[in-house]
Every structure is written in structure tokens, then in C-alpha cells.
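Under the UniProt record's numbering, the letters of the sequence shown match residues 1 to 167, in that order. By construction, the Cβ of each residue, glycine as well, lies at the ideal position given by its N, Cα and C atoms.
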Amino acid sequence: MTELDIISCADNFIGGERRKGISGGEKKRVSLASEIIGNPSILFLDEPTSGLDSHIAEKTVTLLEKLAAGGQTVICTIHQPSSQIFNKFDEVLLVSAGKVAFMGPIKNAQVFFESNGYPVPKYFNPADVYIKALAVDSENIEKSNEKNNAICEAYKQSEFAKQIHID
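Spelled out as C-alpha cells, the structure:
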């Protein structure tokens, strides 16, 4: 409870439609705590940081990092991670239209994207570069899909993909 900053929630109602309770961010952290307390070998988390301020989001991911270091497998989706949060992850899976655009260690993602024409400028968040590279422009969907297919194909043919078995 301390690591998720929810000590103040200990004697409060969660709340609902008819009764005010703890905040939305606190509800999210209480939900995460209730999953962690069971000590599962694998944690699947969908957007564990959405709706949280940057400080609490980073504390949450730091806790997940500790769990992973302790042997738990942590798998989560995060759509817009800060650079501090992104760099806490060991590995990343980037998907475009259901195809793998990159999978592997974070450090290899930068090498892969730079070698395919998407350099990460100094002081930029690498996640922003990868998300922008894989974004679909609604005004030019066909061109975006071609670009994304090329990235996915480049990954499929890369040394990085050969290190991981993907069908």
C-alpha cells in the first residue's frame, strides 16, 4: 500500500454510483494492489498508468519493475509512456495492424528503428519516435499502411527477429 501511495485509502469506501469514495487514480491503484497481493506468477495489466499523474505513474511502474526483478512476469500495455517510464521496461512489443513491428530489448528497438530511417533525436522520448513511425495518417491510410508493412517486414527479416521465434 505504501509503494502505491494508497495508505490513506485503508479505511475509506471505494465508492460507486450512489456513494462517493476514493478518487479514480486511487481506485486504479487499489485494483492493482489487490492483484499483486495474490502474488501471481504473471501479471497482465491494461494501461496501469492511465489517469495517474506522472509521479504516481512512475512509482507504479517502479513497483512493477521490482516485481519483475523478483521473478514475476509483468506484461502491460502503455500507449504514451514518458521516457522515464519507457526506459524502465526490459523489453517492448510494438504492433501495427496485428503484425509485429518490433519485439525485443528496449536498447535494440532504437538500433532497429534508426537502421530503418527513424532516428531518435537527442533528448527525445524513444517511445514517441516509435509511435509516430507506426501511426496511421487518416488522410493517407494506404501510404501509412505501406510504410508500416515495410517496417514489419524489415523487422521480420532482421537479426532481432531471428533471436525470437515468431510465426
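Which residues share a DSSP beta bridge with Lys99?
Ser96
Identify the residues that DSSP records as bridge partners of Glu91: which are they?
Pro105
What does DSSP give as the partner residue(s) for Val74 in the beta ladder?
Leu43
Burial state of Phe124 (16 or more Cβ within 10 Å):
exposed
On the DSSP letters alone, give me the boundaries of the alpha helix (DSSP H) that Thr49 sits inside.
First-last for Thr49: undefined, no H or E at that position.
At least 3 beta-carbon pairs within less than 8 Å: the segment 59–70 vs the segment 93–101:
no
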